[in-house]
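Inspection log for the structure reproduced underneath, given as structure tokens.
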Amino acid sequence: MKLLKNSLTQLRRDIAGFCVLCDQAADGGRICGQCRRILPWNDTFCECCGQAVIAGQPPGVVCVGCQSLPPPFEKARSPFIYDFPVDAVIKAIKFRRQLWYVPAFADILRRTLTREFAQVDALVPVPLHRWRQMTRGFNQATELCRPLHQATGLPILMQVTRIRATSAQTGLNTAERKRNLNNAFAVSGKLKSRHPLIVDDVITTGETCSQLAKELLRSGAKTVSVLTVARAACNRPQDRL
Ligand SMILES: [Zn+2]
Ligand SMILES: [Zn+2]
188 MKLLKNSLTQ LRRDIAGFCV LCDQAADGGR ICGQCRRILP WNDTFCECCG
238 QAVIAGQPPG VVCVGCQSLP PPFEKARSPF IYDFPVDAVI KAIKFRRQLW
288 YVPAFADILR RTLTREFAQV DALVPVPLHR WRQMTRGFNQ ATELCRPLHQ
338 ATGLPILMQV TRIRATSAQT GLNTAERKRN LNNAFAVSGK LKSRHPLIVD
388 DVITTGETCS QLAKELLRSG AKTVSVLTVA RAACNRPQDR L
């Protein structure tokens, strides 16, 4: 499977019907059947936090971490494990602005949304601090929300901001992530949602989504759910079943 190599393939990738991963015909979709079969699907996961658990567990299994300390959100789902080629595509979107991959992921997120989150009434992209947004030029979470909004009609709430310029979470352990994210988010005005769905590219320990969920709950939401493209392995192997 080859990733983006030249601008001709880039043109084809904007058109539904060509696979964004291998450029072959994709039966009207954006990822062909052959690539779908080798993608790192997150098939066996904790019913609550959505992290991968050992294959063979019965549906509805809850990991040890969620049993001892349930997260503030109702449930999180990620169709993929953060592994090749999904990790490479997410980095291409985020750091090289290759946004033509977004509709392919959004198609898959829409299916997860419809299947798992019938009750949500709004989409909340995890906000970037304005300095990071200015540097990057866009927020990948908002870009993922746009096609979801078009497909489902759910409004995108832009009233949540990241008020603290937190350092990157990569390389921090859970306690450090928690400290790094304290009071990082704020909701302006009255929250226009009772059951918002937080949307992002990757979830790792869930600390970012937990802090944002707490802020949404403080602002009047009754339930908060989480949908991300991929689930990275978190550094709590003892929490896995
Ligand atoms: Zn393909
Ligand atoms: Zn869990």
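Start counting the sequence shown at 188; every next residue gets the next number (the numbering used here). Note that beta-carbon positions come from the ideal geometry of N, C-alpha and C, so glycine has one too.
Excluding the 5 residues flanking residue i on each side, which residues of the same chain have their C-beta closer than 8 Å to its C-beta?
i: GLY243; result: THR231
i: PHE325; result: ARG284, LEU286
i: PHE372; result: PRO314, VAL347, THR348, ARG349, ILE350, GLN398, LEU399, GLU402
i: THR301; result: THR339
Check whether the Cβ atoms of residue i and residue j lie closer than 8 Å to each other.
i: LEU315; j: VAL386; result: no
i: ARG418; j: TYR288; result: no
i: SER265; j: THR410; result: no
i: GLN235; j: PRO258; result: Per the sequence shown, residue 235 should be read as Cys rather than Gln. A contact, by the Cβ cut-off of 8 Å.
i: ILE277; j: PRO312; result: no
i: SER412; j: PHE304; result: yes
i: LEU378; j: LEU331; result: no
i: ASP294; j: GLY216; result: yes
i: VAL273; j: LEU226; result: yes
Please report whether the beta-carbon of residue i lies at a distance below 8 Å from any beta-carbon of chain B.
i: GLY237; result: Included in the structure is just one protein chain, with no chain B present.
Leaving out five residues on either side along the sequence, give the residues of the same chain with a beta carbon under 7 Å from the beta carbon of residue i.
i: CYS253; result: CYS233, CYS235, CYS236
i: ARG224; result: none
i: SER380; result: ASP308, ALA309, LEU344, ALA408
i: ILE218; result: CYS206, VAL207, LEU208, ALA291
Apart from the five residues just before and just after residue i, which ones in its own chain have a Cβ nearer than 6 Å to its Cβ?
i: THR299; result: ARG264, PRO266
i: GLU261; result: THR410, SER412
i: THR157; result: No answer is possible for residue 157: the residues shown for the chain start at 188 and end at 428.
Which full runs of the alpha helix (DSSP H) of 4+ residues lie inside the stretch 276-344, going along the chain?
-> With a minimum length of 4 residues, the continuous alpha helix (DSSP H) runs that stay inside the stretch 276-344 are 289-303, 317-323, 327-339.
Jot down the residue ranges of each uninterrupted alpha helix (DSSP H) in the stretch 390-419, minimum 4 residues, whole runs only, in chain order.
-> If only complete runs of 4 or more residues are kept, the stretch 390-419 shows the alpha helix (DSSP H) at 394-405, in order along the chain.
Does the stretch 388-395 touch the stretch 276-293, meaning 3 or more C-beta pairs lie closer than 8 Å?
-> Counting Cβ pairs under 8 Å, three or more are found: they touch.
Which residues are close to ligand 1, meaning CB closer than 5 Å to any heavy atom, in chain order?
-> Around ligand 1, the residues whose beta-carbon falls short of 5 Å from at least one of its heavy atoms are CYS206, LEU208, CYS209, CYS219, CYS222, given in chain order.
With distances taken from each beta carbon to the nearest heavy atom of ligand 2, which residues come in below 5 Å, in chain order?
-> If you measure from each CB to the nearest heavy atom of ligand 2, the residues under 5 Å come out as CYS233, CYS235, CYS236, CYS250, CYS253.
Ranges of the beta strand (DSSP E) found wholly within the stretch 214-243, counting only runs of at least 3 | Complete beta strand (DSSP E) runs here, min 3: none at all.
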